[in-house]
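Peer 1:
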Amino acid sequence: MYRDQRFGTETSKTITGTTIEMLHGPSLREYRDYLRRLEQSHPYNRLTDEAFLEKLRITEKGTLTYGGLLFFGNNGAIQNIFNDFRIDYLEIPGTSYQDAPIRYAYRMDEQENIWQYFFALFRRIAGAVEVPFQLTPEGFATEEQPQLGALREALVNLLMHTDYFSVMKPRIRVFTDKIEFLNPGALPQSLEKIRAGDLSLPRNPVIAKLFRIINLAENAGYGLGKMESGWMQYSKSKPLIEQGIDFTRIEFKFSRKGGQKGGQKGGQKSGQKGGQKILLGTPQKELLQVLKKNPSVSRKTLAIAFGINESAIQKHLDALKIKGIIERKGAPRGGQWIIKVP
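Under the UniProt record's numbering, think of the first position of the sequence shown as 1, with each following residue one higher.
Here it is as structure tokens:
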């Protein structure tokens, strides 16, 4: 309760004795590369890494903030401050633990930090629902799939508003009839007040800003409208939101017609198996269109955009290379795709 009285301030504080050496270098590079692809003219792209970290309050005079460490830190450094840091993700082959033949079919391994968790979690979540996926020319998801937007908003909300000082851990459970997001920490106001206005009071302001800069979160409010309207379009029902004294739970029921996309049946293979269906027909043509518009797009970005895993994306890229349509120039990181045919 005392932490809730200081809502929105704790993770903005600095951690004595920390330095930028405790950050996970690949995560920072991936984030900055993502921002460059998203908006090449963004003023933050012209900053040095040190200035970038200070500008976004990842550091203050070289010392890490709690939010900066959680978002970009290496896992060992995070674990030293936040004991047993993790975001639990489980796929359960039933409508509850009681009717499932096993406790879970898949449980996500620990990831390095919040940035890495976002991509790993979104890949699995996107594989759990039917998504008639379309892309922008830059290789990003369009907003024409409301169910995907609703689930992404719920995921980002969980990551932004979790009380990371709580002994309770944030958790996502995918059942055969629903997806449940549970995060420690209550909302600062009632749902009625949040819906009535554009209340913007994130529990973790540094983390929230990092998501908002790259357009992965709403600029105001808690994204409840996007979650509710998006899921209503998909399943004809709104997500169920439960607010406790020290937790928030959001449940998305699958429609009877669409249902869950077989993630539990396939276990760990579900992401790739379901994702392949998205690309049936002309997968190479779809990928080629993206590569023409954005030759520097990464395999990870393609995987997120198409809603499948990186190995599935690599198979389609290999097919294009075998046919002599594309080739890769430069280093694995920072290289470009060369289109060899008109």
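Each residue gets a CB set at the ideal place from its N, CA and C atoms; glycine is no exception. Keep in mind that this is a model prediction, so the values were computed, not measured.
Count the other CB atoms, across all protein chains shown, that sit within 10 Å of the CB of Pro239; report buried if there are 16 or more and exposed otherwise.
Peer 2: Answer is buried; the Cβ neighbour count reaches 16.
Peer 1: Exposed or buried, Tyr89, counting other C-beta atoms within 10 Å across all chains shown (16 or more means buried)?
Peer 2: That one is buried.
Peer 1: I'd like to know if the region 220–234 and the region 63–79 are in contact, where contact means that at least 3 CB-CB pairs between them fall below 8 angstroms.
Peer 2: no
Peer 1: Judging by CA-CA distance, which residue of Gly25, Glu286 and Lys169 is the nearest neighbour of Arg249?
Peer 2: Lys169
Peer 1: Since Phe118 is in the alpha helix (DSSP H), which residue starts that stretch and which ends it?
Peer 2: Ile114 to Ala126 is the extent of the alpha helix (DSSP H) around Phe118.
Peer 1: Buried or exposed for Gly67, going by 16 or more other Cβ atoms inside 10 Å?
Peer 2: buried
Peer 1: Which runs of the beta strand (DSSP E) at least 3 residues long sit entirely within the region 163–191? Give them in chain order.
Peer 2: 171–174 and 178–184
Peer 1: Output the boundary residues of the alpha helix (DSSP H) element that contains Gln233.
Peer 2: Leu224 to Ser235
Peer 1: Counting Cβ pairs closer than 8 angstroms, one from the region 99–109 and one from the region 48–60, do we hit at least three?
Peer 2: no
Peer 1: Apart from the five residues just before and just after Gln243, which ones in its own chain have a Cβ nearer than 7 angstroms to its Cβ?
Peer 2: Cβ neighbours of Gln243 beyond the five flanking positions: Ala186, Leu187 and Leu191.
Peer 1: Tell me which residues share the same chain as Ile172 and place their Cβ nearer than 6 angstroms to its Cβ, disregarding the 5 neighbours each side in the sequence.
Peer 2: Tyr89 and Phe181
Peer 1: Return the CA-CA distance between Arg36 and Ile241, expressed in angstroms with no decimal places.
Peer 2: 35 angstroms
Peer 1: Curious, which full-length alpha helix (DSSP H) runs of at least 4 residues does the region 34–77 contain?
Peer 2: 49–55 and 66–72
Peer 1: Looking at Ile339 and Leu287, is the spacing between their C-beta atoms short of 8 angstroms?
Peer 2: Result no, Cβ atoms of Leu287 and Ile339 do not sit closer than 8 angstroms.
Peer 1: Could you tell me the alpha carbon to alpha carbon distance between Val129 and Lys300, rounded to whole angstroms?
Peer 2: 20 angstroms
Peer 1: Could you tell me the distance, in whole angstroms, from the CA atom of Asp246 to the CA atom of Arg203?
Peer 2: 13 angstroms
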